[in-house]
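Q: If you scroll down you'll find the structure; I have some questions about it.
In the UniProt record's numbering, the protein residues as written are 1 to 148.
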């Protein structure tokens, strides 16, 4: 007889409730936000002919005399914060992706370390033949390429 799933109470319940609460807060924010177009009187966007990227670059390097519009520092702060957050996420993904076997880190494409499981097999020669123990090539002309 199979039994149905049981709700685990205790430490595993708290993160689930926090996730549901966060979803509820985000849903309320989204539902209460007005998505009407911003007007020029509200300071929406840059005027035509002004490059946002150029303005951010001038603010980044301190070329205030080259800026056509002032007040781009808040945008610059947002760009830098996003860059730091993305860098932290990349670093965390590298830490999480690192494998360890027996307490030692294992490189994904290492050429050193344990021998492969194909020990004792004869190496393949570039023309499709195999190399014999005396060093001579046992390939044939039928295997592709010329036989020398």
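All C-beta atoms in this analysis are idealised placements derived from N, C-alpha and C, irrespective of residue type, glycine included.
Since the model is a prediction, treat every value here as computed from it, not as a measurement.
Residue ranges of each beta strand (DSSP E) run of no fewer than 3 residues wholly in the segment 53-113, ordered along the chain?
A: Those beta strand (DSSP E) runs which fall completely within the segment 53-113 and span 3+ residues are 99-101 and 104-106.
Q: Using 8 Å as the threshold, is the C-beta distance between residue 61 and residue 52 below it?
A: No, these two residues do not count as a Cβ contact at 8 Å.
Q: Alpha carbon to alpha carbon, how far is residue 12 from residue 99? Give it in angstroms, no decimals.
A: So the two alpha carbons sit approximately 26 Å from each other.
Q: Check each candidate in 55, 85, 34 and 86 and name the one with the smallest Cα separation from residue 71.
A: Minimum Cα distance to residue 71 is reached at 55.
Q: Identify the continuous alpha helix (DSSP H) that holds residue 30 and give its terminal residues.
A: Looking at the DSSP string, the run of the alpha helix (DSSP H) that includes residue 30 is 13-31.
Q: For a quick check, are the C-beta atoms of residue 67 and residue 59 less than 8 Å apart?
A: Going by C-beta atoms, residue 67 is nearer than 8 Å to residue 59.
Q: Expressed to the nearest angstrom, what Euclidean distance is found between the alpha-carbon atoms of residue 8 and residue 27?
A: Taking the straight line from one Cα to the other gives about 26 Å.
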